[in-house]
Amino acid sequence: MGTSGYYPTQSSGQNTSLTQDQLQLIADTLSNYDPDNLTEADAQEIVNTFSEAGIAEGRGLAETMASYGFDARAVGELAGVTSDRPDGPPPPRGGEGVATLNISEDMLQQLNQLLTEYYDGDLTDAEKATTLDAIKDIFQQTMPEGGLVDIRA
Numbered sequence: 001m002g003t004s005g006y007y008p009t010q011s012s013g014q015n016t017s018l019t020q021d022q023l024q025l026i027a028d029t030l031s032n033y034d035p036d037n038l039t040e041a042d043a044q045e046i047v048n049t050f051s052e053a054g055i056a057e058g059r060g061l062a063e064t065m066a067s068y069g070f071d072a073r074a075v076g077e078l079a080g081v082t083s084d085r086p087d088g089p090p091p092p093r094g095g096e097g098v099a100t101l102n103i104s105e106d107m108l109q110q111l112n113q114l115l116t117e118y119y120d121g122d123l124t125d126a127e128k129a130t131t132l133d134a135i136k137d138i139f140q141q142t143m144p145e146g147g148l149v150d151i152r153a
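So the sequence shown is numbered by full-length UniProt numbering: it starts at 1 and just counts up by one.
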């Protein structure tokens with residue numbers, strides 16, 4: 001899917017509630033168009049009208065447009081408007097910041113056994129501490145240089 005148009009943001013932190021004046025402007029604007037026969041020029045006019053009125057893309061706009069038979073995302077895409085917020089998770093950064101454990105099958109079995117003992121067994125506090133230390137040792141042996149997570153911005 002594209003990353004274009006006026007459509008609901010999932011949790012952008014923006015206030016998506018619309019004022020009565022904005023709701024009226026949306027209604028008045030959309031009443032001039034047929035949602036089933038919308039041209040690129042029509043979509044651009046709609047987007048420009050909303051933009052000039054300070055109506056930001058968001059859930060409120062999308063839901064209001066939907067109530068008049070318009071798909072906000074489709075209108076935005078038809079108008080060629082790009083969103084500041086891409087869909088989905090951010091793309092990988094070419095391997096930068098990505099790390100994996102280099103764990104052997106033997107270490108994996110050992111880790112599994114230690115975890116099973118820790119959670120299923122009747123261990124004393126001292127035995128739990130020893131088990132946790134053994135688990136930490138496995139992770140330290142298999143951890144890539146610099147750790148698993150790159151916290152540098």
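Glycine included, every Cβ here is placed at the ideal spot set by N, Cα and C. On a predicted model such as this, the values are computed, not experimentally measured, just so you know.
Report all residues from its chain with a CB closer than 7 Å to the CB of residue i; omit the five preceding and five following residues, and keep chain order.
i, result
"residue 53", "22 and 25"
"residue 2", "With a pLDDT of only 38 at residue 2, under 50, the local geometry of the prediction cannot be trusted, and no value is derived from it."
"residue 64", "18, 23 and 26"
Apply the 10 Å Cβ neighbour rule to residue i and answer buried if 16 or more other Cβ atoms are within range, or exposed otherwise.
i, result
"residue 76", "buried"
"residue 70", "buried"
"residue 132", "exposed"
"residue 72", "buried"
DSSP on residue i, reduced to helix/strand/coil?
i, result
"residue 105", "helix"
"residue 119", "helix"
"residue 56", "coil"
"residue 37", "coil"
"residue 32", "coil"
Return the Cβ separation of residue i and residue j in integer angstroms, given the expectation that the two are a contact with Cβ distance under 8 Å.
i, j, result
"residue 112", "residue 142", "Contact doesn't hold; Cβ gap of about 14 Å is too wide."
Which residues in the same chain as residue i place their Cβ atom closer than 6 Å to its Cβ, once the five residues preceding and following it in sequence are excluded?
i, result
"residue 79", "43, 44 and 47"
Kindly list the residues whose CB is nearer than 8 Å to the CB of residue i, restricted to its own chain and excluding five residues on each side of it in sequence; keep chain order.
i, result
"residue 161", "Lying outside 1 to 153, the shown extent of the chain, residue 161 is not represented and no answer is given."
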